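Residue 955, in UniProt numbering, is where the sequence shown stops; the numbers in between run on with no holes. Backbone N, C-alpha and C define an ideal beta-carbon position, used for all residues, glycine too. If you're wondering where the values come from, they're calculated on a predicted model, not measured in any experiment. Since the structure comes first, as structure tokens, the remarks are kept for the end.
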Amino acid sequence: MAKKLATQASKIIEDLVHNEAKRKNIPTVEHQSVMQHHEQAPVKVTYPRGGKGLGEEKAQRNRDLDPQLVWRGKDQQDWSDLVVNAPPLYIQEKVKPKVLIDDLRQISEAATPPAMDDLFGDFNGLPEGADRTEFYQHEGHWQNRMILGDSLQVMASLAEREGLRAKVQCIYFDPPYGIKFNSNFQWSTSSRDVKDGNAGHITREPEQVKAFRDTWRDGIHSYLTYLRDRLMVARDLLTESGSIFVQIGDENMHRVRAVMDEVFGEENFCATITFAKNSGATDDLLSSPNDYLLWFARDKTAAKFRRVFQGKIAGEGVAERYKRVRLPDGSRRQMTDAEITGQTELPPGAEVYTEQGTYSAGYRPNTSVPFSYQSRTYDIGKNKNWKTHLEGMRRLGMADRLIPLPGLVYYERRLSDFPVSSFTTLWLDTQDRLSKRYVVETVPKVVERCILMTTDPGDLVLDPTCGSGTTAYVAEQWGRRWITIDTSRVALALARARIMGARYPYYLLADSREGQQKEADITRSVPSSRPTYGNIAHGFVYERVPHITLKSIANDAEIDVIWDEFQTLLVPLREQLNKALGKQWQEWEIPREADAKWSDAAKKLHADWWKQRIARQKEIDASIAAKAEFEYLYDKPYEDKKRVRVAGPFTVESLSPHRVLGVNEDDELVDGAAEDRADYGQDFTSMILSNLKTAGVQQKNKDDKIEFSAMEPWPGEGYVVAVGTYLEGDKPKRAGIFVGPEFGTVSRADLVDAAREAGDAGFDVLIACAFNYDAPASEFSKLGRITVLKARMNADLHMAEDLKNTGKGNLFVIFGEPDVDVLDTKGNSIRKYDGKRDIIEVPVGEELVVQIRGVDVFDPSTGEVRSDDPDDIACWFLDTDYNEESFFVRHAYFLGANDPYKALKTTLKAEIDADAWATLHSDTSRPFPKPSTGRFAVKVINHLGDEVMKVFKVN
């Protein structure tokens, strides 16, 4: 449903809300600590391996199904089912782009009280009386979703925990094209310059490092296993009428096709689509200017398919033979070269056509007979038959659609009869010269065409490889619900900004009063009186084109009526003309131009006859058009130019693995506390502790490093795994060491429990070592007397010899916090937060302003510590009324070079002034009132996708 802002401005800003769709109530990051233990633990989901038809073949490969693709380790994998751990998903942010634009509009219209809805008041939409902490028990409003994590686990979680099994209509999967690493991943939002062999450009994100070290450890064999596992889980999500498109290059296209044959069944193969890309890789032989889409259906016999068309161009492509023209007076001629190339326009009312045969091969008793037309008889013999019955052939003649030539009569097939043609499997119009946001960004037109062909508005689209968010962007434009997943924080940072600043045309909803009126105008009928609810699932009001065929003309009985009516006028006029000129002309013999030697009376009779002749043709053509079928142009909905649309509500989510579980090399979660000392988890922990003792911990001050004189294992199965001894001045101190998971995120709840354990053990400080912390964890720095130091581990610890060793010893660096100042509206500091005070006192009635001065971060690509200034921040968000349950993005500021709101600025330049737009690119927030909750939260994201969050209490 479209929800609008009541305002007097010329442009109405709207978004689309899927009121009929629901989603399960899942926890936010803030709710993680109150979840039941069984809710936090991953659920094991089992998928039978061996492919379609191989479910029982566990002991050995079924050779009866040869030929089939076999790779190293596949037979052993098929001995057991695929077991995927499905951990819960946690909401990190709730975003409603319309609220951000409404806020800017309020600034531009400061004198006018804003008439806006309760910002995020209707975001969740849980049933009245429902407990928000009863997760997975209730359904609320649908919001689109952007999820950080391994697509295998995320898809399994969506299916098993949230009931999305068999609910997805279309999946667009753009996996890595091969086994090269860097070409598929981007290391920063500020640079697309990624080179294989440049160690400084290797991504340091744990999820993607895992993909490089583990997933591709066996080359193409691991790649095929990676694909098959994800395709199996994706198939489980598809509805019976659903489709999946896999984008792939020529290097592995043949292998991926074989894997998809196995997973989906070769009988469900729909097409291999070849599409042009912006640049073709050049090798020693031929360049490759195209990529491929492998299209499979869950069930081809039930697949949803909406035909998408492209316009025909006379003399080109499928319309190459359309090189003749019929003029308004009925005369015909060959088109000139200038007319074919478009250098010269055709006369008004002219119709381009081609001559088409009127017969088919084979004998039929009723149509393999002679046919008479314009005093000629055409006998096609016994091995051919007319394409329609004799009555239909006669009507074609009445409609002036037959062209008599010696020996045979042809059909006049006009370009306007069906001015479009269906797309084939070759798409040559998919090159896009616009600048990319992401190193492997897909052209929107490719994704758009796939979605339009296989979904309707309101359907759910999923992309397991988000990248820059092209699938989400396109799905949002066309009114589809979407879920997009990626292992890269850089990718999601780009995608989030892209969706937040997106501008879309406002398409007329079929389920609206405006849509009903437009439909009535098109069909020349009375508008429907049915109540409207703005349900997007009813679709848009689309443009349409006629589909006139030889058959539809032949069966149009109204042609007989029109013919007989005009014969009462034309026959007497022809007889009088013949009498005046002494001729015996039949209708088709009367010349178009009158001879100058004719008498004035003959000229008048001639002009009157042609006037009625042309009028008859117009009425017959109108009847043909009215009786013809038509085709919807699903890519051309009618647009309301008075409105502009922004993206609907969406959430940013992530996987947060259970604290005692790590991930092994087979993508399986393992319980480190329950395994032997020599197990996977203990090996990782031992390696970390060994490096920690040697390298120490680099603190914020580059000259201040914690160096350990001793490092001993700590007994027990809790969070603290070791005790380290170091000197603080001349005094020895004991630090409890907490090591986070090798592939995953440490949460605030983990730090709280670990700090409590360290306090009970009598330690002086807790040092947490992790590759990644969730945003709420970044604000936790002390529990009672226990200081908590959060050290980010260098990704070199993942990779050993696979990544460069920095040689600087900065393997463990204290994770920085945002440097924030709180100001009043005059720019005076109310009280700068120094990390010790947790309450900011604000005078009554005073508004607040937040200024970001930077973030102290560890640059993973260089191994150096630096204090970033605001220019190194990609974006920062404010929740000006933080309720400790959800982070709502109420203010958004983008400090990078890319401006996500560029398109909206152009469209809304009359509604929102330049000064208001300028506030979006600032390190200083717009003023906001004292929060009713007594808290506001600041979240900062750098170009590497790292997030830190700080919550401030306001007195």
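| Alpha carbon of E128 to alpha carbon of V34, nearest angstrom | Roughly 21 Å between the two C-alpha positions.
| At what residues does the alpha helix (DSSP H) containing H18 begin and finish? | Per DSSP, H18 belongs to no alpha helix (DSSP H) and is neither H nor E.
| field | Inter-stretch contact at 8 Å, needing at least 3 Cβ pairs: the segment 886-901 / the segment 496-504 | value | Enough Cβ pairs lie closer than 8 Å, so yes.
| task | Would you give the residue range spanned by the alpha helix (DSSP H) that N578 belongs to? | result | Segment E558 to L581, the alpha helix (DSSP H) holding N578.
| message | How far does the alpha helix (DSSP H) with L327 in it extend, from its first residue to its last? | response | Here L327 belongs to no alpha helix (DSSP H), and DSSP marks it neither H nor E.
| request: Taking F708 and G696 to be in contact with their CB atoms under 8 Å, please state how far apart those CB atoms are, rounded to whole angstroms. | output: At roughly 6 Å, the Cβ-Cβ gap stays under 8 Å, so F708 and G696 are in contact.
| Anyone know if the C-beta pair for E884 and E30 falls short of 8 Å? | Their beta carbons are under 8 Å apart, which means E884 touches E30 by this criterion.
| query | Buried or exposed: V951, going by 16 or more other Cβ atoms within 10 Å of its Cβ? | reply | Counting the other CB atoms within 10 Å of its CB gives V951 a total of 16 or more, which places it among the buried residues.
| Close Cβ partners of D608 (< 8 Å) along its chain, the five nearest in sequence each way excluded | Closer than 8 Å at Cβ, skipping near neighbours: L573.
| request: Rank E847, D774, A156 and S932 by C-alpha distance to the C-alpha of Q92 and give the top, closest one. | output: Comparing C-alpha distances from Q92 to each of E847, D774, A156 and S932 shows the shortest one belongs to D774.
| request: Could you check if Y533 is buried or exposed, using at least 16 other CB atoms within 10 Å of its CB as the buried criterion? | output: Under this definition Y533 is an exposed residue.
| task | Just confirm the distance between the C-beta atoms of T455 and C170, as a whole number of angstroms; I'd bet it's less than 8 Å. | result | Sure, about 5 Å apart at Cβ, within 8 Å.
| request: With a threshold of 16 other CB atoms inside 10 Å of the CB of R321, please say whether the residue is buried or exposed. | output: Exposed is the call here.
| task | State the start and end residues of the unbroken alpha helix (DSSP H) segment that holds D869. | result | Premise fails: D869 is in no alpha helix (DSSP H) and is neither H nor E.
| said: Excluding the 5 residues flanking F936 on each side, which residues of the same chain have their C-beta closer than 8 Å to its C-beta? | reply: L848, V850, L878, D879, T880, D881, Y882, F928, V951, F952 and V954.
| query | Could you give the residue range of the beta strand (DSSP E) that holds Q247? | reply | Residues L238 to I248.
| Since A918 is in the alpha helix (DSSP H), which residue starts that stretch and which ends it? | For A918, the enclosing alpha helix (DSSP H) starts and ends at A914 to A918.
| Do S654 and Y90 have their CB atoms nearer than 8 Å? | Pairing S654 with Y90 gives a Cβ-Cβ distance under 8 Å.
| Unbroken beta strand (DSSP E) runs of length 3 or more, entirely within the segment 703-756: which are they? | List check, beta strand (DSSP E) in window: 708-713, 720-728 and 731-739.
| Using CA coordinates, which residue listed in Q477, W478, G479 and R496 is at the minimum distance from I485? | For the set Q477, W478, G479 and R496, the Cα lying nearest the Cα of I485 is the one of R496.
| task | Return the Cβ separation of E757 and V723 in integer angstroms, given the expectation that the two are a contact with Cβ distance under 8 Å. | result | Contact doesn't hold; Cβ gap of about 12 Å is too wide.
| field | Q36 versus G149: straight-line alpha-carbon distance, rounded | value | Q36 and G149: Cα-Cα distance of roughly 22 Å.
| query | For I522, which of I620, F630 and A537 has the nearest alpha-carbon? | reply | Selected option, being the one with the closest Cα: F630.
| query | Just to confirm, are D824 and R853 a CB contact at a threshold of 8 Å? | reply | R853 sits away from D824, with the two beta carbons spaced by 8 Å or more.
| task | For D671, count neighbouring C-beta atoms within 10 Å of its own C-beta (all shown protein chains included) and say buried if the count is 16 or more, exposed if not. | result | Note on D671: pLDDT 34, under 50, position unreliable in the model; the coordinate value appears next. With fewer than 16 other Cβ atoms inside 10 Å of its own Cβ, D671 counts as exposed.
| field | Alpha-carbon spacing of W142 relative to L508, whole angstroms | value | When rounded, the distance between both Cα atoms is 21 Å.
| said: Between the alpha carbons of P776 and A791, how many angstroms are there, rounded? | reply: Answer to the nearest angstrom: the Cα atoms are 15 Å apart.
| Whose CA, out of R165, M453, S925 and I147, lies closest to the CA of I107? | Selected option, being the one with the closest Cα: S925.
| N- and C-terminal bounds of the beta strand (DSSP E) containing S151 | Run containing S151: none in the beta strand (DSSP E); it sits in the alpha helix (DSSP H), S151 to E160.
| Beta-bridge partners of G854, as assigned by DSSP | In the DSSP assignment, G854 forms a beta bridge with D819.
| request: Confirm, please, whether the CB-CB distance from R449 to residue 956 is below 8 Å. | output: The chain is shown only over 1 to 955; residue 956 falls outside these bounds and no answer can be derived.
| query | Does DSSP put residue 956 in a helix, in a strand, or in coil? | reply | Since the first residue of the chain shown is 1 and the last is 955, residue 956 is not available in this structure.
| Do three or more CB pairs link the segment 567-585 to the segment 641-648 at distances below 8 Å? | Proximity of the segment 567-585 to the segment 641-648 falls short of the contact definition, fewer than three beta-carbon pairs being nearer than 8 Å.
| request: May I have the straight-line CA-CA distance separating D463 from T239, to the nearest angstrom? | output: In this structure, the alpha-carbon of D463 lies about 15 Å from that of T239.
| query | So, helix, strand or coil for I13, using DSSP? | reply | Three-state DSSP puts I13 in a strand.
| What residue range is occupied by the uninterrupted alpha helix (DSSP H) comprising residue 1026? | Within the shown structure, residues of the chain are numbered from 1 to 955, placing residue 1026 beyond reach of any answer.
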